[in-house]
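Encoded as structure tokens, the structure appears first; notes follow it.
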Amino acid sequence: MITDIHRARERALADIAAARSLDELARVDTATVGKRSQLAELKAQLGSLADLDERRAAGRQLNDAVTALTGALAQRRVELAAAEQAQQVENERLDLTEFVRPAQRGKPHLVTQAWERLEDVFVGLGFQVAEGPEVETDWHNFEALNMGVTHPARSDFDTLFVDHPGAEAGRTMLRTHTSPVQIRTMLAGTPPIYIVAPGRVFRRDTPDATHMPVFHQIEGLVVDRDITLADLAGTIEAFTQVFFGAGFTSRLRPSYFPFTEPSGEFDIRTPAGDWLELGGCGMVHPNVLRAGGIDPAEWSGFAFGFGIDRMAKERHEVGDLREMFTGDVRFAEQF
Ligand code: DAH
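Numbering-wise, this note's numbering comes out as the position in the sequence shown, counting from 1, plus 16.
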């Protein structure tokens, strides 16, 4: 019996060493230490050994064999897993070289393309391009936009706060929208103001098909004498036709934002007749003008803001926003 155990053990060790894949190893596993294996069969025969010493010795040999085989299986599993992973990396490396041809030139990311086109269109309509910091103060991001510390609208923005030495806790954040650039622009200059401010914004959101924690918006601000809602509607309509094409039109729907009064949301209508929601807008609230150092009795204005990524997603029929940020050349190359 001891000889049988040794033979079974040696054969099993050879089979384990010879396994070329994890699948094959799984079969070897069943065959060597499984319920129907030769070792299991020998174990079942132990009871029929009459000699007690012989039975003990055989039992010990069997246990040793099972321990040795289990160890050998585990080790081989690690080796094969590493090899399969290396193979997969190798395959993908080869796969990608097909796409990264040396003579090929790169191009801006889909979002950058949309961002730059938006700038072009607004510059064509007489706007200037403004910028603001991505790390903002509570005052610029909320307070000056008519959202005091206790304003319920603050809870619409899943804010990411920034801890840094010297700053009061909870007063510095990654900007949740591009609207604080309105305040910075008003404080930095005097009306008339005609600006757009594209940029990166941040919210504590879980990524899914339509949300990313880091995304892009473009803000618009106009402050001049006798600016009315008609100017806002006309600007949105002109923008829609230039950016999307002559077959498109726009509409405003009543809505609410703390920094505009009245507020609206604007939609665009595709030539096929579908309405797509694009962004928010309204007449700049007098408190916001005041925070920007502008007298609301003398000046009035409108503002708007919308998501660049989401617009690019609709325009190019990208099914899932996350696709745009995985960095896969095969995706980027299509646009
Ligand atoms: N800041 C708003 C947001 O992120 C969008 C917005 C709405 C901007 C209305 C505006 C506006 O300038 O007037 O949800």
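No residue lacks a Cβ here, since even glycine has one placed at the ideal position from N, Cα and C.
- 8 Å or more divides the Cβ of residue 239 from the Cβ of residue 199.
- Taking all protein chains in view, the Cβ of residue 320 is crowded by 16 or more other Cβ atoms within 10 Å, so the residue is classified as buried.
- Residue 203 sits exposed, since fewer than 16 C-beta atoms from the chains shown fall within 10 Å of its C-beta.
- C-alpha of residue 253 to C-alpha of residue 177: approximately 37 Å in a straight line.
- Counting other Cβ atoms within 10 Å of its Cβ, residue 18 stays below 16 and is therefore classed as exposed.
- Short note on residue 319: C-beta closer than 7 Å to some heavy atom of the ligand DAH.
- When DSSP states are grouped into helix, strand and coil, residue 69 belongs to the helix group.
- Residue 326 and residue 151 have their C-alpha atoms spaced approximately 22 Å apart.
- Of all C-beta pairs linking the segment 49–64 to the segment 20–38, three or more are shorter than 8 Å, placing the two stretches in contact.
- Take residue 170, set aside five residues on each side of it, and the residues of its chain with a beta-carbon closer than 7 Å to its own are 158 and 163, in chain order.
- Inter-residue distance for residue 104 and residue 93 is about 16 Å (C-alpha atoms, whole angstroms).
- With a threshold of 7 Å, the Cβ atom of residue 233 counts as near the ligand DAH, since some heavy atom of the ligand is closer than that.
- Remark: C-beta atoms of residue 267 and residue 290 do not approach each other more closely than 8 Å.
- Residue burial is scored here from C-beta neighbours: residue 131 has at least 16 other C-beta atoms within 10 angstroms and is therefore classed as buried.
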